[in-house]
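Chains as they are written, first to last, in the numbering used here: chain A, 1 to 114; chain B, 1 to 112. Below is one structure, written out as structure tokens, with a few remarks after it.
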């Protein structure tokens, strides 16, 4: 079942600009995670935010979580060409978190032009 | 440090042939293990997960199966491949619930 939906599906920006990606989900969650995937590679974990947190930072990344709206956003500041990748949100929910299962969205494809 | 290996990296198999993909994790014990499939340009679909040796949970009914013969080894198998089994297969591990997952490099399977 589809849980996370990213928006936009694709985003193209210039180096130095900020990139914002959004994720919406349907059921209650206990955590939401963001991952990056370079073309043809495995996913790399970026950041995890728990349901009782509202904002988290890691380097140039800022994640917000609004459980009342069932949505999250990932902000990449001062983007670089190396940030070009697909970005996925993934949710863990008390209703299906046995074994630490996550449900992934379809991803946002980010292109940063030099 | 922990590492995760998958092999082979690429595989081309005819319809009806068997499949065996292997995933091993180093540097951790009793991890949760996961198999995902990713169709081109799309998100990940969880196929199987395991919380311990011999414990397999299936998420999607299909002609694939999984086994965990050792603590840090996870195998994805099929007796007869279908065209629809083509995709990018990813193995991942986690230390437990409410934790991030770490992914292997993936196996690209093409069924012809």
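Each residue gets a CB set at the ideal place from its N, CA and C atoms; glycine is no exception. Note that the structure is a prediction, hence the values are computed from the model and not measured.
Close-in-space but distant-in-sequence residues of the same chain around residue i (CB under 7 Å, 5 per side omitted)
| i | result |
| --- | --- |
| residue 143 of chain A | The question about residue 143 of chain A has no answer here: the residues shown for chain A are numbered 1 through 114. |
| residue 25 of chain A | 3, 4, 70 and 91 |
| residue 193 of chain A | Summary: the structure shown does not reach residue 193 of chain A, with chain A confined to residues 1 through 114, and so no result is reported for it. |
| residue 114 of chain A | 15 and 81 |
| residue 107 of chain A | 6, 86, 87 and 88 |
| residue 3 of chain B | 26 and 27 |
| residue 24 of chain B | 5, 72 and 73 |
| residue 106 of chain B | 6, 88, 89 and 90 |
| residue 54 of chain B | 68 |
| residue 111 of chain B | 13, 15, 81, 82, 83, 85 and 86 |
| residue 51 of chain B | 32 |
Supposed contact pair residue j and residue i - C-beta distance, whole angstroms, cut 8 Å
| i | j | result |
| --- | --- | --- |
| residue 66 of chain B | residue 82 of chain B | Not really, about 17 Å apart at Cβ, beyond 8 Å. |
| residue 48 of chain A | residue 37 of chain A | About 16 Å; that fails the 8 Å criterion. |
| residue 44 of chain B | residue 90 of chain B | 7 Å |
| residue 59 of chain A | residue 57 of chain B | Not confirmed; about 35 Å, so no contact. |
Residue i, DSSP secondary structure in three states
| i | result |
| --- | --- |
| residue 58 of chain B | strand |
| residue 90 of chain A | strand |
| residue 192 of chain A | Limits of chain A in this structure are 1 at one end and 114 at the other, which puts residue 192 of chain A out of reach. |
| residue 99 of chain A | helix |
| residue 83 of chain B | helix |
| residue 78 of chain A | coil |
| residue 66 of chain A | strand |
| residue 7 of chain A | strand |
Contacting residues, own chain, Cβ-Cβ under 6 Å from residue i (five flanking each side not counted)
| i | result |
| --- | --- |
| residue 20 of chain B | 77 |
| residue 79 of chain B | 18 |
| residue 108 of chain B | 10 and 88 |
| residue 12 of chain A | 111 |
| residue 49 of chain B | 34 and 57 |
| residue 94 of chain B | 32 and 101 |
Residue i: CB within 7 Å of a non-hydrogen atom of the ligand HEM
| i | result |
| --- | --- |
| residue 50 of chain A | Ligands are entirely absent from the displayed structure, and the ligand HEM is therefore not among its contents. |
Beta-carbon contacts of residue i that lie in its chain and below 8 Å, excluding the five residues immediately before and after
| i | result |
| --- | --- |
| residue 54 of chain A | 64, 65 and 66 |
### Task
Would you list, in chain order, the members of the stretch 98-113 of chain A that have their beta-carbon closer than 9 Å to a beta-carbon of chain B?
Hits within the stretch, in order: 98, 99, 100, 101, 102, 103, 104, 105, 106, 107 and 109.
### Task
Below 7 Å between beta carbons is the criterion; list the residues of the stretch 50-66 of chain B that meet it against any residue of chain A, in chain order.
Cβ contacts with chain A: 51 and 57.
### Task
Note down, one range per segment and in chain order, each beta strand (DSSP E) of at least 3 residues found wholly within the stretch 1-66 of chain B.
Given a length threshold of 3 residues, each whole run of the beta strand (DSSP E) inside the stretch 1-66 of chain B is given here in chain order: 3-7, 10-13, 19-26, 32-38, 44-52 and 55-58.
### Message
Which residues of the stretch 38-59 of chain A have a Cβ closer than 8 Å to any Cβ of chain B? Give them in chain order.
### Response
Residues of the stretch 38-59 of chain A with a Cβ closer than 8 Å to any Cβ of chain B, in chain order: 40, 41, 42, 43, 44, 45, 48 and 50.
### Query
Which of the residues in the stretch 72-104 of chain B, read from start to end, lie with their CB under 9 Å from any CB of chain A?
Against chain A - using a Cβ distance shorter than 9 Å - the residues of the stretch 72-104 of chain B are 88, 90, 91, 92, 94, 95, 96, 97, 98, 99, 100, 101, 102, 103 and 104.
### Task
Please name the residues in the stretch 14-47 of chain B whose beta-carbon is closer than 7 Å to at least one beta-carbon of chain A, in chain order.
So the close ones are 32, 42, 43, 44 and 46.
### Task
Can you give me, in chain order, the residues of the stretch 6-31 of chain A that have a beta carbon less than 8 Å from any beta carbon in chain B?
From the stretch 6-31 of chain A, only 30 and 31 have a Cβ closer than 8 Å to chain B.
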